[in-house]
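What follows is one structure encoded as structure tokens, with my remarks underneath.
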Amino acid sequence: MLTTLRVLPIGWWLVASLLLNVVATNLSWRICNRTVGRGQRAAALGKQASSMITLPAIAGFMYNIGLPYAALLAGVLTPETLGLTETHWLTSTGIATAMTAATGVMLWLYRRDLRRGLLENGGSALPAAHASPLVTAWRVAFRQAHWAFYRAAAIVLLGSYTGVFGGCGLVLGEWTLNPAWRAGWSDERQRWSLTFDLALVFASAILFVYTRNAWLCVTMHTILALIFAQGDR
């Protein structure tokens, strides 16, 4: 049961997470600006636009996976609020399938229009991800674990599952404080990856409201990431 006794502890966990992300992304941005030229900078934006996944792999793992796990061990979050247990697969799989299809269609339409605009303006096609399926799945796990942490924290703070959308607000706030994320919107070739992440934040939140199943959110995200990873080749 959600209790007010957990509000202060989880609040401090959120502050720590946000501060770590803001410091790391802004420091990464400053280092990037000092070490690469303007022509190379655009290529680096997408790699650091969404989270601390640009840090060395061990640091990324500790932040994205380790922090939610530590909060779980500390008792400030529960497996239920994270969507790890008490899942109803039979009734939820159909919802997840429909959500995956709907999100995929909307992303495909957006990508088609974006690609058309790039080509009409003399630009090149959208880039491929150049990552193996295993690496793509690993990156999805990082993002989904981080988003699940913010969703669960907001659920605890608000005392109800409407906090799922408060978790979306926390993710958006974190991204807004990331200079690489803000700058990425001015680059049409980076806009696709930013829009993809943005769409998946809200699609995952909606799916979680109806299913309370984080595993289905990971599955949906992974399927769509693999489908759209090929670029325009």
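Reading the sequence shown from the start, the letters are residues 969 to 1201 in our numbering.
Backbone N, C-alpha and C define an ideal beta-carbon position, used for all residues, glycine too.
Expected contact under 8 Å - CB spacing of residue i and residue j to nearest Å
{"i": "V949", "j": "C1136", "result": "For residue 949 there is no data in the structure shown, the boundaries of the chain being 969 and 1201."}
{"i": "A1116", "j": "A1042", "result": "In fact, because the Cβ distance is near 16 Å, the residues do not count as touching under 8 Å."}
{"i": "T1059", "j": "A1171", "result": "Between A1171 and T1059 the Cβ distance is about 19 Å, and since that is not below 8 Å, they are no contact."}
C-alpha distance - residue i paired with residue j, whole-angstrom precision
{"i": "I1063", "j": "R998", "result": "43 Å"}
{"i": "I1033", "j": "T1144", "result": "22 Å"}
{"i": "V990", "j": "N1146", "result": "6 Å"}
{"i": "Y1037", "j": "A1113", "result": "9 Å"}
{"i": "V1108", "j": "L986", "result": "20 Å"}
{"i": "I1026", "j": "T993", "result": "16 Å"}
{"i": "A1017", "j": "T1068", "result": "Residue placement at A1017 cannot be trusted, given a pLDDT of 48 that sits under 50; the coordinates are not used to answer."}
{"i": "V1124", "j": "G1085", "result": "43 Å"}
{"i": "L1184", "j": "Y1031", "result": "22 Å"}
{"i": "R1201", "j": "S1154", "result": "Interpretation of R1201 is limited by its pLDDT of 44, a score under 50 that renders its predicted location unreliable; no figure is taken from the coordinates."}
{"i": "W1149", "j": "L1162", "result": "8 Å"}
Test item: CB-CB of residue i and residue j under 8 Å
{"i": "R1119", "j": "V1132", "result": "yes"}
{"i": "T1104", "j": "A1193", "result": "yes"}
{"i": "A1197", "j": "A1099", "result": "yes"}
{"i": "R1180", "j": "E1054", "result": "yes"}
Beta-carbon contacts of residue i that lie in its chain and below 6 Å, excluding the five residues immediately before and after
{"i": "A1122", "result": "G1131, G1134, G1135"}
{"i": "W1076", "result": "none"}
{"i": "V1177", "result": "V1132"}
{"i": "P977", "result": "V1044"}
{"i": "L988", "result": "none"}
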